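Notes to accompany the following structure.
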Amino acid sequence: MKLNEIVYNTPIDVYSKEVIEDRYGRQKENYVHKYHLYASAKWSYGKEYDIAEQQGYHRQGSLKLRFGPLITADMQIKLNGEIFNIKSVENIDQANELLEVMIYQEVMRHD
Numbered sequence: 004m005k006l007n008e009i010v011y012n013t014p015i016d017v018y019s020k021e022v023i024e025d026r027y028g029r030q031k032e033n034y035v036h037k038y039h040l041y042a043s044a045k046w047s048y049g050k051e052y053d054i055a056e057q058q059g060y061h062r063q064g065s066l067k068l069r070f071g072p073l074i075t076a077d078m079q080i081k082l083n084g085e086i087f088n089i090k091s092v093e094n095i096d097q098a099n100e101l102l103e104v105m106i107y108q109e110v111m112r113h114d
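Take the position in the sequence shown, starting the count at 1, then add 3; the result is the number in our numbering.
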């Protein structure tokens, strides 16, 4: 898929993880808004969906976006009001033009 063939119509917000320490030395993770971007979203379905459910993921998909902002696997994505973890980030063809970000949402289990 070529860069100019992709429709970037899905607004996303990227949050980076910061570890803060209170005055007693206790550490706490906090996610801070980093970027507002537009991406092309694709959700898993069929066999991919079944595999994702077996791995304990509620939803799994991929985002394609223009290369530029630093996005790493320890960040989170907010999409349609829901928070997703990042499974991986790949620089497509190592061309520094397009990123594919694999995202997932874990199932909340109440055992």
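Glycine residues also receive a C-beta, built at the ideal position from the N, C-alpha and C atoms.
Everything numeric in this text was worked out from a predicted model, so none of it was measured.
Beta-carbon gap between residue i and residue j smaller than 7 Å
i: residue 81; j: residue 25; result: no
i: residue 65; j: residue 50; result: no
i: residue 43; j: residue 92; result: no
Rounded separation between residue i and residue j - CA only
i: residue 122; j: residue 68; result: The shown model of the chain, from 4 to 114, leaves out residue 122, and the question about it has no answer.
i: residue 61; j: residue 107; result: 7 Å
i: residue 103; j: residue 73; result: 12 Å
i: residue 83; j: residue 95; result: 25 Å
i: residue 63; j: residue 105; result: 8 Å
i: residue 12; j: residue 33; result: 28 Å
i: residue 100; j: residue 109; result: 29 Å
Beta-carbon separation (whole angstroms), residue i vs residue j, contact threshold 8 Å
i: residue 87; j: residue 79; result: 7 Å
i: residue 20; j: residue 77; result: 5 Å
Please list the segments of the alpha helix (DSSP H) lying wholly inside the region 28-110, counting only runs of 4 or more residues, in order along the chain. Listed in chain order, the alpha helix (DSSP H) runs fully inside the region 28-110 are 50-57, counting runs of at least 4 residues.
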